[in-house]
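Below is one structure; the comments refer to it alone.
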Amino acid sequence: QCMISSSIFPPAGLTLVWGPPSTPISIKVIPQGFHNQSTLKLNMRDTVTAYLRNSVSPYMIVDSAKGFLDSVTFEGTFVFNNTPTGNYYLVVTHRNCIETWSNTPIGLLRGNSQNYDFTNNISKAYGNNMINVNLSPLRFGIFSGDVNQDGFIDLTDVTLISNDANIFLTGYINSDVNGDGFADLSDLTIAFNNAISFVSVVRP
């Protein structure tokens, strides 16, 4: 029986197979609609997928990882297993938010932990492509409402939410933009406001 381990002395009966070290990145990010201004927390924990892309065109994906955002700290740990030392754009995606890139490539040393906080400054996102979700303390979030994940928040997304709201759809659904478990007018309002502002992905 074989396993990948960093242990110097493998457990009895196991053969040690050395593998390259993983690179954990602690990422703070707020999905706009999930942020509750009354509680200053997210309405729910949710999964975010993070990608590391090459720092030069065509910005190919080098690695990806999934993590859960904590509803209080807005933070999740993302473990990248295949990323060599280098400089990479950090890209975060959420099931109904606009894909958001770091403002510049970040330097990674394979095996060393790293942190990136999208929430404390709008300039942390490429093209300042975030929205203020709270004034005190000052916080920024990634735009909510891209229900079909096509890179635009537009009438198509608004229609999808409206259709689900009309049949009172509930549960873990992409049209639940604010994370309360329902597709309703509050979700529709968030998407509509971003749609009339022509919110879309901003990439290098």
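Sequential numbering of the sequence shown, starting at 521, is according to our numbering.
Ideal placement from N, C-alpha and C gives every residue a C-beta, glycine not left out.
Predicted, not measured: the structure shown is a model, and the values here were computed from it.
Which residue wins for smallest C-alpha separation from residue i, given the options the options?
i	options	result
P657	V721, I545, T679, S558	S558
L708	N602, S591, N683, R615	N683
Q552	D583, N714, V653	V653
H555	R659, Y608, Q634, N632	R659
Check this for me: beta carbons of residue i and residue j, under 7 Å apart or not?
i	j	result
G665	V697	yes
F594	R565	no
S643	T597	no
L628	T543	yes
T603	L572	yes
N616	V678	no
S695	I673	no
N649	V592	no
F663	I651	yes
Residue i lies in the alpha helix (DSSP H); which residues open and close that run?
i	result
T613	Run containing T613: none in the alpha helix (DSSP H); it sits in the beta strand (DSSP E), 606 to 613.
L708	705 to 715
Following the continuous beta strand (DSSP E) through residue i, name the residue where it begins and the one where it ends.
i	result
I681	Premise fails: I681 lies in the alpha helix (DSSP H), 675 to 686, not in any beta strand (DSSP E).
A645	Per DSSP, A645 belongs to no beta strand (DSSP E) and is neither H nor E.
Y636	634 to 637
F598	595 to 600
G661	659 to 661
G587	581 to 589
L628	626 to 628
Which of the three DSSP states is assigned to residue i in this structure?
i	result
N574	strand
Q744	A query on residue 744 cannot be resolved here, the shown segment of the chain reaching from 521 to 724 and no further.
N698	coil
I618	coil
F468	Because the chain here runs from 521 to 724, residue 468 falls outside it and cannot be looked at.
S656	coil
S558	coil
S664	strand
D670	coil
T569	strand
Quick one: what's got a C-beta closer than 6 Å to residue i's C-beta in the same chain, skipping five residues either side?
i	result
V612	V549, V568, A570, T620
Y646	W621, N623, V722
Between residue i and the rest of its own chain, which residues show a CB-CB distance below 7 Å, the 5 nearest in sequence each way excluded?
i	result
A585	A570, F598, V599, F600
T605	L628, L629, R630
N494	Lying outside 521 to 724, the shown extent of the chain, residue 494 is not represented and no answer is given.
T676	N668
Taking 8 Å as the limit between beta carbons, can you name the residues of its chain near residue i, skipping five residues before and five after?
i	result
I693	D684, A703
N632	T543
Would you say the beta carbon of residue i is closer than 6 Å to some non-hydrogen atom of the ligand SAH?
i	result
Y579	For the structure depicted, the ligand SAH is absent and the ligand set is empty, with no information on it obtainable.
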